[in-house]
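Be aware that the sequence shown starts at 1, since it is given in the UniProt record's numbering, and climbs by one per residue. Quick reminder that beta carbons are idealized off the backbone N, C-alpha and C, glycines included. Every value quoted in this text rests on a predicted model; they were computed, and no experiment measured them. Working notes, beginning with the structure itself.
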Amino acid sequence: MKKLLLRHFPFLYKWRVRQLRLKRHLQNLDPRLRFALERSPVSLPHVAHKHKSVLRRVLAGTHPQLQENKITNLQICLETLDGIQIAPGETFSFWRLTGQPTAAKGYIEGLQLANGRVTTGTGGGLCQMANLLFWLALHTPLEIRERHHHSFDLFPDDRRVIPFGSGTSVAYNYVDLRLHNPTELTFQYRLWLSEEFLEGTIRTDRPLAFRYRIEERNHRFYEEKGRWYRENEIWRLTLDPQNGDLLSSTLLLRNKAEVRYQVSAAAGAG
């Protein structure tokens, strides 16, 4: 009922957002929180994982210029995150580092999901950066302290190379991505844009004791009360770095989203 009211009465939604932002500002004053704030242009020596994601995607019903605008926004965002180090005991916060995406900082209109709808807004498209950071972190022992998943699957897969539900949603500042470092290692993100991709690595000051692989399980589309849904599980496999033997499996995420595009018969049968 609350979500329905917020969706149909925009002024209530804006009031709720202001309330949540104030609450988060107050929570950030907790002296027990040690945020990662130090950036270095010098890369740590060991690459734990690397990944890249396509910059320009074909999204039905959206203008291609919004993809170009997203790239502009990603470049500005990248400059606040590249080189960030997460020392032992520190917590990485996406919004603590980037701040609010405003026109004064150079951010422009891009696609975003707000209140369950596809719309445009200043700084739109930053979820792609958060997705990259999250996917890299899944291949390390960093702990997920805060992660949000879209409740709607809005577009069919276009050149998807990672499992559905392995990304994250962000909205300043109350919908954050937060990762805690419980180890004695220091981690570092290095990020850059190439012609076609957003690219990044997560690095460490010493080699990881294990290798990690992310696996999707129990993926399916299904129909319920006239609506289509998609669900899966994301597991992290811990492997012996020498021989690749499986040492343990950990369930990280359970995802469920309402599908907002035409589901093929083949997908539905899965």
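Quickly, what does DSSP pair residue i with across the bridge? List them, please.
i, result
"K50", "T201"
"Y222", "Y229"
"L251", "W235"
"W15", "DSSP, once it has assigned bridges, lists no residue as partnering W15."
"V175", "A171"
"E215", "W235"
"K256", "E231"
"Q188", "Q85 and R203"
"L193", "L198"
"F152", "E258"
"L246", "L239"
Name the residue from the options whose alpha carbon lies nearest to the alpha carbon of residue i.
i, options, result
"residue 273", "N28, V259 and L246", "Past the edges of the chain, shown from 1 to 270, lies residue 273, and the structure says nothing about it."
"A257", "L239, E223 and G244", "E223"
"Y261", "D240, F221 and P241", "F221"
"L239", "E216, Y229 and T140", "T140"
"N173", "T183, C127 and Y212", "C127"
"D30", "V47, C77, V58 and T91", "T91"
"W228", "D245, S264 and P182", "S264"
"P241", "G226, R213, V259 and K225", "R213"
"V42", "H63, L12 and Q188", "Q188"
"L193", "S53, N181, G124 and R16", "S53"
"H149", "A171, G106 and G244", "A171"
"T120", "D157, T62 and V175", "T62"
"E146", "T72, S93 and L55", "S93"
"G99", "A87, R160 and R21", "R21"
"D157", "V259, G226 and K225", "V259"
"G106", "Q112, A87, L97 and T72", "T72"
"D160", "L55, V175 and K23", "Before going further, note that residue 160 is Arg rather than Asp in the sequence given. When only C-alpha atoms are compared, the closest one is L55."
Tell me whether residue i is buried or exposed, calling it buried when 16 or more other Cβ atoms sit within 10 Å of its Cβ.
i, result
"Q65", "exposed"
"A36", "buried"
"G268", "Only weak support exists for where G268 lies, its pLDDT of 49 falling under 50; the value from the coordinates is given anyway. The residue is exposed, with fewer than 16 neighbouring Cβ atoms inside 10 Å."
"P207", "exposed"
"R32", "exposed"
"S151", "exposed"
"L44", "buried"
"P101", "buried"
"K70", "buried"
"A114", "exposed"
"R34", "exposed"
"A266", "The predicted position of A266 is uncertain, since its pLDDT is 43 and thus under 50; no value can be drawn from it."
"G110", "buried"
"N243", "exposed"
"L12", "exposed"
For residue i versus residue j, is the C-beta spacing smaller than 8 Å?
i, j, result
"L142", "V118", "no"
"H51", "G200", "yes"
"S166", "I234", "yes"
"A103", "T80", "no"
"L247", "F197", "no"
"G83", "R18", "no"
"H49", "I144", "no"
"L133", "L177", "yes"
"E215", "L237", "yes"
"N255", "N218", "no"
"I108", "W135", "no"
"H46", "T204", "yes"
"A130", "L179", "no"
"L59", "L191", "no"
"Q85", "T186", "yes"
"R57", "F164", "no"
"G89", "N181", "yes"
Beta-carbon of residue i versus every beta-carbon of chain D: anything under 8 Å?
i, result
"T80", "As a matter of chain content, chain D is missing from the structure shown, which is built from one protein chain."
field: Every unbroken alpha helix (DSSP H) within the region 111-150, with a cutoff of 4 residues, ordered by chain
entry: 127-138
task: Counting only runs of 3+ residues fully inside the region 18-101, write out the beta strand (DSSP E) ranges in chain order.
output: Those beta strand (DSSP E) runs which fall completely within the region 18-101 and span 3+ residues are 46-54 and 91-93.
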